[in-house]
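What follows is a single structure, written as structure tokens, with notes after it.
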Amino acid sequence: MKKELHNLKAIPYQDITDLQDLLDRLESWQEPLAVLDHFFQFRTGPINKKKVIKEYYACGHLFHAFFTEFLRLIEDKQVKIEKLDRERKVISHFIKV
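All letters in the sequence shown, in the order written, are residues 67 to 163 by the numbering used here.
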């Protein structure tokens, strides 16, 4: 009995470390995004308009920094995925059982 050929893509170690780096970068945004989430939660009671304006300005800068980094990471990883799709394939040989 013969098994069919399977195309297996070789994954270089550098690609694995790049993926770990991406995960670390995304995890680094957990705390700043929690600050944004807290700012945009519905509040009850009186609102200090001056404080809200200052927080809004600060959160705007925080969001812009995140969004810029997010777009850069997405573009970088799309290029990486396209490169991996074009890379060599390892073809397994027929295995006789």
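Even glycine gets a Cβ: it sits at the ideal position worked out from N, Cα and C.
Could you give the C-beta distance for E121 and F105, rounded to a whole number, given that I count them as a contact under 8 angstroms?
-> Sure, about 6 angstroms apart at Cβ, within 8 angstroms.
Should the stretch 135 to 147 be called in touch with the stretch 110 to 124, which here means at least 3 C-beta pairs below 8 angstroms?
-> Touching, no.
Give the range of the alpha helix (DSSP H) segment to which P98 is assigned.
-> That run of the alpha helix (DSSP H) goes 96 to 105.
Report the residue from L89, R152, L102 whose alpha carbon sits nearest the alpha carbon of V118.
-> Residue L102 is the option with its Cα nearest to V118.
Which one of F136, L150, I140 has the shortest CA to CA distance from Q96?
-> The candidate whose alpha carbon is nearest that of Q96 is F136.
Quick one, which of Q80, K115, T83, P98 has its alpha-carbon nearest L128's?
-> When only C-alpha atoms are compared, the closest one is P98.
Host alpha helix (DSSP H) of R138 (start-end) | Here the alpha helix (DSSP H) through R138 covers 115 to 152.
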